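Take a look at the structure below.
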Amino acid sequence: MTTSHKIPESVLVVIHTADLDVLLIERAGNPGFWQSVTGSLDAPDEPLLATATRELFEETGIHADGERIVLRDWQLSNVYEIYPVWRHRYAPGVTHNTEHVFSVEVPRDIAITLAPREHVDYVWLPYLAAADKCFSPSNAEAILQLPRQLRKLSA
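Residue numbers are given in the working numbering: position 6 of the sequence shown equals residue 18, and the series is strictly consecutive.
Structural data, given as structure tokens:
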């Protein structure tokens, strides 16, 4: 029997409006665990932008077409310890994940279609409130960095 393990490399996509409202989604199976879009690479050689595009669409139904909806790579990576409850998804001995941060600006009225096996609810919040609501410290930190990163990306 072959077991497929998750690759310990992932993306985090902070979805926001021009007014810095942030979309958070609640994990199915973990009530109260609010987060931005996250997901692991499907293959070790999958480009990070492809992973971010795929995960954004799978988890929210938002299609980053590169013209109207553009994913922005922050060129920022976080290494964090994988929560023990989720370590069984990874190869034996894997305890840390490298997360690459992206953001995407969308219109406030964009349609959101959740993947019901992954998420059960969503909410738009001002970025400071969104950071407070996140269960993941790296996700909260990325949201707090949003204004600075957007200034940097537009410079």
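Note that CB positions come from ideal geometry on N, CA and C, so glycine has one too. Source: prediction; values computed, not measured.
Q: Using three-state DSSP, classify phenylalanine 147 as helix, strand or coil.
A: coil
So, at 6 angstroms on beta carbons, what are the nonlocal neighbours of asparagine 216 in its own chain, with the 5 sequence-adjacent residues on each side left out? Here the chain covers residues 13 to 167 and nothing more, so residue 216 does not appear.
Three-way DSSP call (helix, strand, coil) for histidine 75 in this model: coil
Determine, using beta-carbon pairs with one atom in the segment 52-68 and one in the segment 128-146, whether at least three such pairs fall under 8 angstroms. no
Original post:
Using the C-alpha atoms, what's the distance from valine 26 back to leucine 35?
Top reply: 8 angstroms
Fill in: Stretch pair the segment 92-99 + the segment 60-73: three plus CB contacts closer than 8 angstroms
no
Burial state of alanine 167 (16 or more Cβ within 10 Å) = exposed
- Exposed or buried, what is proline 138 when buried is set at 16 or more other beta-carbons lying within 10 Å of its beta-carbon? exposed
Q) Can you give the beta carbon distance from valine 49 to leucine 32, rounded, assuming they're within the 8 angstroms contact cut? A) Not quite, the Cβ-Cβ distance comes to about 17 angstroms (not below 8 angstroms), so this is no contact.
> For phenylalanine 114, which three-state DSSP category applies?
Replying inline: strand
The beta strand (DSSP E) that contains proline 128, what's its start and end? Neither: proline 128 is in no beta strand (DSSP E) and is coded neither H nor E.
Using DSSP with H/G/I as helix, E/B as strand and the rest coil, what is histidine 17? coil
Taking leucine 24 as the reference, give the member of Val113, Arg84, Lys164 with the closest Cα.
-> Val113
For my contact list, threonine 65 and leucine 83 are in at a C-beta cut-off of 8 angstroms; report their separation, rounded to the angstrom. 6 angstroms
I want to know whether the segment 69-81 touches the segment 112-127 - three or more CB-CB distances under 8 angstroms. yes
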